């Protein structure tokens with residue numbers, strides 16, 4: 059029986075979990091196409107990371123399987139360990155064990171991660187070499203941009219559950235990220251969420267056309283009666 | 059006698075004021091041309107919203123009449139109500155009744171607002187679908203970008219006075235917004251402020267040429283004597 | 059003996075130091091070419107300004123000699139005084155004496171500074187007219203963008219040591235700034251730091267190629283043994 | 059006809075309004091007795107200042123008539139002007155025209171204000187000499203405690219409308235402040251709000267006894283049916 | 059087989075889990091006696107909530123079993139639902155589904171919670187009536203103190219896993235809180251953590267005496283050699 | 059010639075400077091008696107640390123000679139090194155090399171520091187065991203209270219210049235701290251600043267009596283004429 063990383067408390071230090079399960083790539087790509095806002099709605103408004111997580115450049119859109127990293131403040135040793143665990147289509151997710159804006163990641167690590175098929179980095183900390191990263195097409199969502207370097211002295215973990223920017227992320231969960239932020243979908247819910255997301259997209263397209271023609275949401279959604287019941291006064 | 063929304067305390071819930079007065083469109087457009095920094099100076103350095111209000115994309119410049127919205131945290135019901143009140147050239151201004159970064163507004167609401175001639179949104183909260191909004195050319199100045207959705211359960215108000223990002227905004231006031239931020243001009247002062255803003259623009263152009271030629275502000279503004287009186291020591 | 063501005067306590071008001079020493083321009087330009095992250099590493103991870111200092115537009119990269127300004131909150135009088143002290147290749151560095159986001163600087167001051175060869179502004183406060191500044195090609199790293207103007211009433215100082223965004227900056231120190239942030243290099247260490255930065259750039263290029271080919275940092279840096287000694291468990 | 063300060067835009071500089079209307083002292087004292095949370099609920103959940111406004115010491119509870127001050131950042135000149143306008147039972151309310159944490163107020167100004175019957179200070183900025191102020195029994199609600207002094211160079215205003223910590227406050231409005239924060243009640247609504255607040259206090263006392271005896275809010279407020287309708291699942 | 063709340067994604071709305079397992083009360087009380095800093099060290103420096111969680115009054119120290127609440131912003135309906143689920147020795151833990159400082163909890167809810175044996179509240183939001191709460195001896199650790207009230211309109215959940223102030227908390231986990239902050243211990247690790255915490259307390263007492271007598275940590279912990287190896291220079 | 063720590067750039071790692079000069083104890087104690095606000099004014103409004111530095115308990119007042127520490131984020135090794143350098147009457151001053159709220163210091167280190175005559179700690183980071191520290195009478199001014207522990211892996215420095223909370227502090231400078239915050243006085247200016255501080259105290263006492271009797275600052279300071287010149291309108 060493979061080791062179950064979910065049995066570890068979030069951010070437990072000292073472990074590298076090597077065999078993690080991932081969602082099917084067609085599902086992952088489908089979620090990526092739907093985008094963060096739609097996926098977040100489709101799964102019942104859960105799983106969003108804090109809005110302080112911002113892309114280092116506009117326009118990127120990714121989805122992939124989370125390879126998680128728990129790192130001490132100012133120490134990026136575990137990033138090197140994590141890169142060995144990457145597979146094509148993965149996304150690195152780094153959570154410092156206490157708040158830290160240091161630049162854990164730059165163009166050399168990105169070169170290494172891209173060589174292994176990594177699609178991007180989600181980091182509740184800092185990143186540097188942002189101009190190079192944009193030229194390389196390696197997207198990052200981070201709390202800060204900061205040139206401050208890090209040391210390699212203290213163990214953290216790779217592929218244990220982490221709390222990152224206010225969301226629980228377990229290894230192999232699906233990460234979706236775009237200009238609106240970052241959302242996590244539990245691996246075993248990914249197929250169901252995709253179905254709902256696609257329904258939502260179809261449904262929205264019909265509404266968009268009605269709204270574009272000047273019809274009001276008040277009428278499309280039938281809100282007038284309930285507003286009156288609540289006592290809204292037009293004066 | 060029409061209902062005077064100014065008789066209501068800011069953010070009083072439960073009202074939709076339907077007939078609001080607006081400034082003349084020529085004045086509004088003139089203020090837009092002058093831009094935020096100039097308008098703010100021209101009216102005596104008042105009316106600026108907090109600097110945490112940032113555009114979702116660079117380069118937009120709008121001016122319009124405020125249609126104000128007071129909304130509970132995490133509840134965007136009143137946005138649907140407000141869209142019905144929009145006229146060509148209006149700007150939506152949303153103030154949550156307590157701090158909230160949720161994404162109150164996205165591409166569907168923008169489609170509806172644009173269908174009624176709305177020029178943009180000022181929101182002391184969050185917005186989502188920012189990539190779509192940029193493609194649609196619908197500018198937003200907000201406190202946050204956030205995919206977190208909202209509910210439609212609790213009444214707020216439309217076209218009552220609101221305090222938004224530190225400024226009092228009354229329905230029909232003129233909003234000017236560009237990369238420097240957002241400024242409000244009282245409706246009944248708009249013409250006077252425009253006159254001063256235009257004087258200021260003309261005056262600045264002359265100074266710009268002198269400064270570009272290498273002349274110093276110390277000399278143009280005659281500051282040397284007063285600096286010496288204050289005791290400035292050159293060493 | 060020329061007045062030594064380093065004898066003054068940081069932000070001492072009332073002084074303009076006129077003759078400051080600068081580093082050689084070849085050294086300054088070399089540091090600029092290396093960029094902030096490399097320079098910061100090369101000098102032992104010191105001298106970085108706080109990560110709240112962000113460029114008003116992406117892609118700028120400058121290096122220059124600091125002309126420092128200590129200013130009261132909401133008062134930009136000393137900027138006019140400082141511009142007279144600028145030489146070709148200088149960078150303005152403004153530190154308010156208490157936190158303030160007001161827009162101390164806009165397009166007119168930029169016009170004047172550019173006429174004297176100034177390469178940019180570092181300000182732990184606010185700036186305005188950012189669209190104009192970008193069109194003029196005058197880069198600014200600031201804490202805020204804010205249209206709020208300032209007065210000209212109270213003395214500060216020019217070319218005294220200042221603490222700006224968490225770093226001590228003395229007049230004539232070398233400032234390097236790019237998308238990753240802002241770093242200061244002591245004038246008398248600039249040549250030594252450049253040597254180390256250039257070694258670092260060369261060294262990184264070799265590593266980049268190995269990493270791009272799929273070799274792991276774990277192996278290139280020989281980390282596996284030490285990780286095992288620390289007790290890292292692969293499961 | 060006396061000058062109506064409400065005709066001025068918030069924070070308009072250069073005015074001292076000398077004759078302001080105040081609420082009756084019995085009403086003011088009644089509101090003080092009810093406390094901030096009750097008053098805020100009683101007037102429909104409006105008028106609360108931002109929660110960053112904290113008391114410098116616990117346990118104080120005041121109510122009084124607002125004497126408002128609009129001050130430039132780092133400039134407390136208008137405080138001296140305002141003290142002359144104080145009457146027995148007034149509360150000073152200071153709003154900087156841009157964010158500033160400087161210590162505008164200390165024990166000397168408190169001595170002067172107390173000599174004129176002032177009950178406390180509400181300041182969206184900084185205060186100093188806090189130990190002395192506590193010993194004197196002069197309560198302050200502020201954004202910051204900061205020893206940084208201020209200058210006296212630039213005009214603001216006294217008794218014009220101000221936006222302070224996110225709330226519109228007009229001269230003569232009733233201020234209530236305690237450990238829960240600060241609330242403003244429009245002068246002409248004060249009597250009506252007091253009536254509702256007193257009803258609320260009576261009503262709460264009955265509920266408190268039922269809850270203390272172990273009865274559940276679910277039953278007292280009859281919530282079970284509506285929760286079931288909304289679909290709450292007990293598992 | 060009882061429903062396993064751990065099968066739900068954090069903050070899944072719409073559920074009340076009624077039968078949760080708790081740790082033994084002797085273990086809980088032992089952890090409380092050790093205090094937050096010791097417990098946090100004893101379990102390997104994990105489980106600490108963000109340092110923005112502060113007690114509303116100094117000196118309180120509690121430990122108890124978590125009854126968790128996931129609530130929409132500005133909506134405290136689920137608190138009423140949660141109180142029914144309380145047992146003697148429990149601690150309420152509330153996580154808003156998006157950041158919100160509103161005052162979800164005050165003296166009436168505290169009266170009800172105390173009637174059921176609740177030991178305190180951990181809330182990543184706001185609380186009000188703090189003076190009453192202190193007089194009642196009901197401790198709260200919160201992000202904010204805020205008089206702003208809430209509505210009762212939208213479902214959340216009770217006793218599902220929540221991410222609260224950066225930590226994953228599952229129903230029945232042990233919460234320890236004192237002036238240093240708040241820490242969560244997984245229920246099934248509580249006994250083991252207590253053992254380590256008690257060892258730590260004993261060990262610390264011996265060290266305290268040596269340090270008090272003037273012996274240096276450098277010698278007690280044998281640090282001098284390793285510092286020399288790292289290259290520390292005494293000058 | 060003793061090593062001059064001032065020749066090192068702020069926060070240069072790897073050094074312990076053993077012989078530092080201190081101000082005379084009578085001067086230090088005099089400055090402590092004057093308090094932070096007075097000392098800060100007396101030296102021309104410079105040297106104040108950021109207002110985010112707050113005491114862990116109210117009422118403490120200290121003055122002493124700075125023993126400075128530069129520490130990596132999440133690493134308190136240098137505190138142990140610094141304690142050996144303490145002399146009777148010293149104050150520890152710790153500046154992390156990048157922002158970090160971790161609890162670098164607790165009751166064991168305080169026991170050790172007190173055994174060597176240390177008067178308190180100034181730390182732009184976190185502290186824990188605050189209840190114990192208060193009982194021991196060991197005051198701390200910090201950015202955060204946080205139970206998160208630290209490691210001992212990476213060198214920093216002791217008694218090099220540091221930038222701490224926005225102020226440059228050199229070893230042996232005089233630190234004054236009370237409820238209003240923390241101020242640094244350059245060692246070689248301490249005597250002069252004391253003289254001015256004492257004049258200021260005497261002067262303030264006279265003013266306090268006049269103000270207490272109801273005389274106005276407007277008259278005592280002769281402000282009326284200048285206000286009129288600036289154009290202040292009484293209406």
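Protein chains in written order, with this note's numbering: chain A, 59 to 293; chain B, 59 to 293; chain C, 59 to 293; chain D, 59 to 293; chain E, 59 to 293; chain F, 59 to 293.
Don't be surprised by glycine CBs; every beta carbon is placed ideally from N, CA and C.
All values reported here derive from a predicted model rather than from experimental measurement.
Residues of chain F with CB under 7 Å from residue i, in chain order?
i, result
"residue 205 of chain D", "94, 95, 98, 106, 238, 239 and 241"
Mind pulling the chain E residues with CB within less than 8 Å of residue i?
i, result
"residue 174 of chain F", "272"
"residue 265 of chain D", "166"
Taking the alpha-carbon of residue i as reference, which of the options has the nearest alpha-carbon?
i, options, result
"residue 212 of chain B", "B/130, B/200, B/245 and B/89", "B/130"
"residue 91 of chain E", "E/223, E/119, E/76 and E/72", "E/119"
"residue 193 of chain E", "E/114, E/142, E/244 and E/240", "E/114"
"residue 196 of chain A", "A/168, A/293 and A/264", "A/168"
"residue 76 of chain C", "C/133, C/140 and C/134", "C/140"
"residue 289 of chain F", "D/65, D/110 and D/71", "D/71"
"residue 178 of chain F", "F/223, F/68 and F/146", "F/146"
Could you name the residues of chain E that residue i contacts, counting a contact when the two beta carbons are closer than 7 Å?
i, result
"residue 284 of chain A", "Those within 7 Å of residue 284 of chain A in chain E number zero; the least Cβ separation is about 12 Å."
"residue 226 of chain A", "68, 221 and 226"
For my contact list, residue i and residue j are in at a C-beta cut-off of 8 Å; report their separation, rounded to the angstrom.
i, j, result
"residue 185 of chain B", "residue 148 of chain B", "Not really, about 17 Å apart at Cβ, beyond 8 Å."
"residue 266 of chain B", "residue 107 of chain C", "Actually they are not in contact, since the Cβ atoms of residue 266 of chain B and residue 107 of chain C sit about 30 Å apart, beyond 8 Å."
"residue 174 of chain C", "residue 144 of chain C", "4 Å"
"residue 159 of chain E", "residue 65 of chain D", "Not quite, the Cβ-Cβ distance comes to about 34 Å (not below 8 Å), so this is no contact."
With residue i as the anchor, note down where its beta strand (DSSP E) starts and where it stops.
i, result
"residue 271 of chain F", "Looking at the DSSP string, residue 271 of chain F is not in any beta strand (DSSP E), and its letter there is neither H nor E."
"residue 239 of chain F", "239-243"
"residue 128 of chain B", "120-129"
"residue 171 of chain D", "Where residue 171 of chain D is concerned, there is no enclosing beta strand (DSSP E), although the alpha helix (DSSP H) it sits in stretches over 165-173."
"residue 184 of chain E", "179-185"
"residue 71 of chain C", "First-last for residue 71 of chain C: undefined, no H or E at that position."
"residue 233 of chain D", "232-236"
Provide the residue span of the alpha helix (DSSP H) that contains residue i, from first to last.
i, result
"residue 285 of chain A", "282-288"
"residue 137 of chain D", "135-142"
"residue 225 of chain F", "Looking at the DSSP string, residue 225 of chain F is not in any alpha helix (DSSP H); the run it does join, the beta strand (DSSP E), is 225-227."
"residue 94 of chain E", "94-100"
"residue 189 of chain A", "188-194"
In chain A, which residues lie less than 8 Å from residue i when you measure between Cβ atoms?
i, result
"residue 188 of chain E", "Within 8 Å Cβ-Cβ: nothing; residue 188 of chain E doesn't reach chain A, min ~25 Å."
Using a cut-off of 9 Å between C-beta atoms, extract the partners of residue i located in chain A.
i, result
"residue 73 of chain B", "290, 291, 292 and 293"
How would you list, in chain order, the residues of chain F whose beta-carbon sits under 8 Å from the beta-carbon of residue i?
i, result
"residue 70 of chain A", "Ordered by position in chain F, no residue passes the 8 Å Cβ test against residue 70 of chain A, which lies about 15 Å from the chain."
Any heavy atom of the ligand ADP inside 7 Å of the beta-carbon of residue i?
i, result
"residue 71 of chain B", "No copy of the ligand ADP appears in this structure; indeed no ligand is present at all."
Please list the partners that residue i has in chain B, where partner means a Cβ-to-Cβ separation under 8 Å.
i, result
"residue 102 of chain D", "70 and 71"
Please compile the residues from chain D whose C-beta is within a distance smaller than 7 Å of the C-beta of residue i.
i, result
"residue 262 of chain F", "166"
Report the neighbours of residue i on chain B: residues whose CB is nearer than 7 Å to its CB, in chain order.
i, result
"residue 275 of chain A", "138, 141 and 170"
"residue 269 of chain A", "166, 169, 170 and 173"
Whose Cβ in chain D lies nearer than 9 Å to the Cβ of residue i?
i, result
"residue 184 of chain E", "109"
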